[in-house]
Amino acid sequence: MSANDTELIRAATCLLTLRHSSVSKTSYGLRTAIGRVFVALNVRIPGAAPCSICAEQVAAGMAVANGESEIECVVSIGIWRTGQPEVLMPCVMCREFLTALGNRFNIPAQS
Ligand SMILES: [Zn+2]
């Protein structure tokens with residue numbers, strides 16, 4: 087894992103630690119090919135699953151809105167099982183979404 091990967095994990099973990107709530111328990115970090123970093127939270131509205139959105143899609147939308155098109159590295163962080171932030175695999179829908187963007191990317195392993 088590179089120093090940039092470690093920094094991406096730190097940025098996503100920091101955001102989740104600061105902002106997690108009953109509707110946001112996952113954060114996502116995305117680094118583009120030119121080194122720009124975008125971090126975001128999921129928004130899960132209980133009882134309104136089709137209206138909820140994963141952090142991966144929020145961050146990808148932020149990147150695209152800022153003119154980015156090439157993703158280099160991604161990481162998902164969640165506070166779920168242990169009550170502490172940990173690296174997670176993006177959900178199936180987000181893995182498909184990220185692949186459909188057409189980029190190759192790396193997912194750093196748990197540190
Ligand atoms: Zn997802």
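Sequence positions in the sequence shown follow our numbering and run 87 to 197.
Even glycine gets a Cβ: it sits at the ideal position worked out from N, Cα and C.
Source: prediction; values computed, not measured.
Range covered by the beta strand (DSSP E) that runs through residue i
{"i": "Arg181", "result": "Looking at the DSSP string, Arg181 is not in any beta strand (DSSP E); the run it does join, the alpha helix (DSSP H), is Val178 to Ala186."}
{"i": "Gly115", "result": "Thr112 to Thr118"}
{"i": "Val125", "result": "Val123 to Leu127"}
Contact belief for residue i with residue j at Cβ below 8 Å, rounded distance in angstroms
{"i": "Leu116", "j": "Val150", "result": "Between Val150 and Leu116 the Cβ distance is about 10 Å, and since that is not below 8 Å, they are no contact."}
{"i": "Val173", "j": "Ser162", "result": "7 Å"}
{"i": "Thr99", "j": "Gly164", "result": "Their Cβ separation, rounded to whole angstroms, is 10 Å, which puts Thr99 and Gly164 out of contact at 8 Å."}
Residue i - containing alpha helix (DSSP H), residue span
{"i": "Ala134", "result": "Taken as a continuous stretch (DSSP letters only), Ala134 belongs to no alpha helix (DSSP H), as it is neither H nor E."}
Residue i CB to nearest heavy atom of ligand 1 below 7 Å
{"i": "Cys177", "result": "yes"}
{"i": "Cys100", "result": "no"}
{"i": "Cys137", "result": "no"}
{"i": "Cys140", "result": "yes"}
{"i": "Cys159", "result": "no"}
In chain order, which continuous runs of the beta strand (DSSP E) of length 3 or greater are located wholly inside the stretch 144–178? The beta strand (DSSP E) runs of length 3 or more contained entirely in the stretch 144–178 are, from start to end of the chain, 157–164 and 172–174.
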